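The block underneath contains the structure these notes are about, expressed in structure tokens.
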Amino acid sequence: PQFDLVIRHGTLATAADVFAADLGIVDGKIAAIGSHLAAGRREIDASGRLVLPGGVDGHCHFDQPTSDGSVMADDFYTGSRSAACGGTTTIIPFACQFRGQSLRAAVEDYHNRARGRSFIDYAFHLIISDPTEQLVGQDLPALIRDGYTSFKIYMTYDDMKLNDRQVLDLLTVARRDGAMAMIHAENSDFIGWLTDRLLASGHAEPHYHAASRPMAVEREATHRAITMAELADVPILIVHVSGREAVEQIHWAQGRGLKIFAETCPQYMVLTEADLHGHGFEGAKCICSPPPRDKANQAAIWDGLAGGVFHIVSSDHAAFRYADPKGKMVRGEKAPFNWVPNGIPGVETRLPILFSEGVGKGRISLSRFVELAATNPAKMYGLYPRKGTLAIGADADIVVFDPDRKVTITNALLHHNVDYTPYEGLEVTGWPQTVLSRGDILVDAGSFVAAEGRGQFLHCDKPALARPRAAA
Ligand code: URP
Ligand code: ZN
Ligand code: ZN
Ligand code: ZN
2 PQFDLVIRHG TLATAADVFA ADLGIVDGKI AAIGSHLAAG RREIDASGRL
52 VLPGGVDGHC HFDQPTSDGS VMADDFYTGS RSAACGGTTT IIPFACQFRG
102 QSLRAAVEDY HNRARGRSFI DYAFHLIISD PTEQLVGQDL PALIRDGYTS
152 FKIYMTYDDM KLNDRQVLDL LTVARRDGAM AMIHAENSDF IGWLTDRLLA
202 SGHAEPHYHA ASRPMAVERE ATHRAITMAE LADVPILIVH VSGREAVEQI
252 HWAQGRGLKI FAETCPQYMV LTEADLHGHG FEGAKCICSP PPRDKANQAA
302 IWDGLAGGVF HIVSSDHAAF RYADPKGKMV RGEKAPFNWV PNGIPGVETR
352 LPILFSEGVG KGRISLSRFV ELAATNPAKM YGLYPRKGTL AIGADADIVV
402 FDPDRKVTIT NALLHHNVDY TPYEGLEVTG WPQTVLSRGD ILVDAGSFVA
452 AEGRGQFLHC DKPALARPRA AA
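Here the UniProt record's numbering is used: the first residue of the sequence shown is 2, the next is one more, and so on.
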């Protein structure tokens, strides 16, 4: 066949194999993988480079309105641009229901935010904050049928948290209709009580955020989420796991044969609670929940990544500008920590940090990197094998990755709309060089050349991983 594009002489890596081959693309799909492929209309020389499936970021927040009036820094335009420049070719942000809103209206709202704006393909997770009888009985099942096959449940945050009974009802829908339930596991009352005590003793600076949600808070909620999944007899995914105590709960549950999946994020690999300190209000730049822990917990996260405890690595990109009255300073820089919007940027740095700290430092294999960053997120959310792997017939979403390029991360290098990166000064080895989505070149040897709005909405299949255990 005449190929539209041939990527020649690269080292291809999938979740299973690493091998030398050429890769040919026709009509936006991978058409051939082999040696000495015929000429393409265009050719990319990938000698000395890795050829990887484009990253799938299964957890990022773009253009999500908030209850405190803060405005997320990135919308679908800047967020997807930043993702693409970091080697991610599929994003799954959230369509967040606010209380009183129908779930369908929330989905429409987010379609309006994304349509014509995204540079890369996207799907939506739902966030359910108001599980009415109508929602549980009709609206959610209908949306799952329509290709919104994952939803997030919050156990904390006043405007989103659900009680255990509501969680159980939603897990029952997930089981019956085949959706993946994602759970934010932190105990809301514990956080409220600790926060009040800290503030009453005058401990209001940003770094007290960490003291307001210590690991026991996450451990308890993780255990409770696992127990609810056991009662409802359905797989769940625990998102943004921060350290040892939650890992222990998940590992314990997995050992009992429960299908508990787990996600972690680069912030839990390279940041610590110390990053919440800093001059004046600067620690606010690293306020996210759960908070980064310490070095020993980073090691526990790496153990879970190298072993089988974790299934996916996502960014949890939830960015607010720092020096901005609509961002981290929505209540001013004298605001107590509990008024600072939670979340940090990271959609562009996810792959380079995981590659450099993981593969580069010998903690995980190259195939495990591909699995965590692309293949498993595609499987987790019903996008596999269209996304997340290099296979004949898959979308030609591909990263030509330079494993030797040394980069010192600075905010000036990044393509998000945030005025800082929590990773300023971090040195990484390995960076995307050329990024393709459905055969279109988005990043060409480092320059961003994509056409606005070319990204397509993806209907998700019901994920096989969401199926309950077979009856004994
Ligand atoms: O602090 C965080 N992680 N903010 C983003 C929202 C969430 O809970 O994932
Ligand atoms: Zn969360
Ligand atoms: Zn301190
Ligand atoms: Zn999140």
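Glycine included, each C-beta is placed from N, C-alpha and C at the ideal position.
On a predicted model such as this, the values are computed, not experimentally measured, just so you know.
Buried or exposed by the 16-neighbour rule on C-beta atoms within 10 Å, applied to residue i
{"i": "Q457", "result": "exposed"}
{"i": "A74", "result": "buried"}
{"i": "K335", "result": "exposed"}
{"i": "Q434", "result": "buried"}
{"i": "A285", "result": "buried"}
{"i": "Q139", "result": "exposed"}
{"i": "Q98", "result": "buried"}
{"i": "Q3", "result": "exposed"}
{"i": "T223", "result": "buried"}
{"i": "V262", "result": "Here residue 262 turns out to be Phe, not Val, going by the sequence shown. So F262 ends up on the buried side."}
{"i": "N298", "result": "buried"}
{"i": "S83", "result": "buried"}
{"i": "T196", "result": "buried"}
{"i": "D441", "result": "buried"}
Residues of its chain near residue i, where Cβ-Cβ distance is below 7 angstroms and the 5 sequence neighbours each way are ignored
{"i": "I313", "result": "G59, E264, L373, N377, P378 and M381"}
{"i": "S290", "result": "E187, R214 and N343"}
{"i": "D295", "result": "T273 and E274"}
Chain-order list of residues whose beta-carbon lies under 8 angstroms from that of residue i (same chain, five-residue window excluded)
{"i": "N412", "result": "V419, D420, Y421, T422 and E425"}
{"i": "L144", "result": "L104, R105, V108 and L127"}
Beta-carbon proximity list for residue i, same chain, < 6 angstroms, skipping 5 on both sides
{"i": "I184", "result": "I154, A226, I237 and I239"}
{"i": "G148", "result": "H460 and C461"}
{"i": "G56", "result": "G88, T89, L352, A374 and A375"}
{"i": "S119", "result": "F77, S81 and G456"}
{"i": "A230", "result": "I237"}
{"i": "E246", "result": "M216 and R220"}
Closer than 7 angstroms: residue i CB and nearest ligand 4 heavy atom
{"i": "D75", "result": "no"}
{"i": "H210", "result": "no"}
{"i": "H60", "result": "yes"}
{"i": "D317", "result": "yes"}
Pick from the options that is closest to residue i, judged by C-alpha positions
{"i": "F370", "options": "A397, M181 and A14", "result": "A14"}
{"i": "H241", "options": "A32, P293, N339 and A254", "result": "P293"}
{"i": "L259", "options": "G70, C266 and L232", "result": "L232"}
{"i": "H318", "options": "A201, A230, R114 and P267", "result": "P267"}
{"i": "L51", "options": "G440, G454, I399 and P464", "result": "I399"}
{"i": "P215", "options": "S243, E206, A201 and G203", "result": "S243"}
{"i": "residue 1", "options": "G363, G431 and H210", "result": "Any answer about residue 1 is impossible in this case: the structure gives the chain only from 2 up to 473."}
{"i": "F20", "options": "L53, V7, M161 and R43", "result": "L53"}
Proximity test, residue i beta-carbon vs ligand 1 heavy atom, cut-off 7 angstroms
{"i": "N343", "result": "yes"}
{"i": "C287", "result": "no"}
{"i": "S290", "result": "yes"}
8 angstroms contact criterion, which residue i and residue j should meet: CB distance rounded
{"i": "V235", "j": "R176", "result": "4 angstroms"}
{"i": "Y123", "j": "T91", "result": "7 angstroms"}
{"i": "S366", "j": "V429", "result": "The Cβ separation is near 18 angstroms, so there is no contact."}
{"i": "H10", "j": "D23", "result": "7 angstroms"}
{"i": "D178", "j": "P142", "result": "5 angstroms"}
{"i": "D69", "j": "R100", "result": "Contact doesn't hold; Cβ gap of about 15 angstroms is too wide."}
Residue i beta carbon near ligand 2 (any heavy atom closer than 7 angstroms)
{"i": "V27", "result": "no"}
{"i": "H126", "result": "no"}
{"i": "V218", "result": "no"}
{"i": "V240", "result": "yes"}
{"i": "H112", "result": "no"}
{"i": "H185", "result": "yes"}
8 angstroms Cβ cutoff, residue i in contact with chain B
{"i": "G148", "result": "Protein chain content of the structure displayed is limited to a single chain, and chain B is not contained in it."}
Contact test: residue i Cβ vs ligand 5 heavy atom, cutoff 7 angstroms
{"i": "T411", "result": "Questions concerning ligand 5 fall outside what the structure shown contains, since the ligands it does hold are ligand 1, ligand 2, ligand 3 and ligand 4."}
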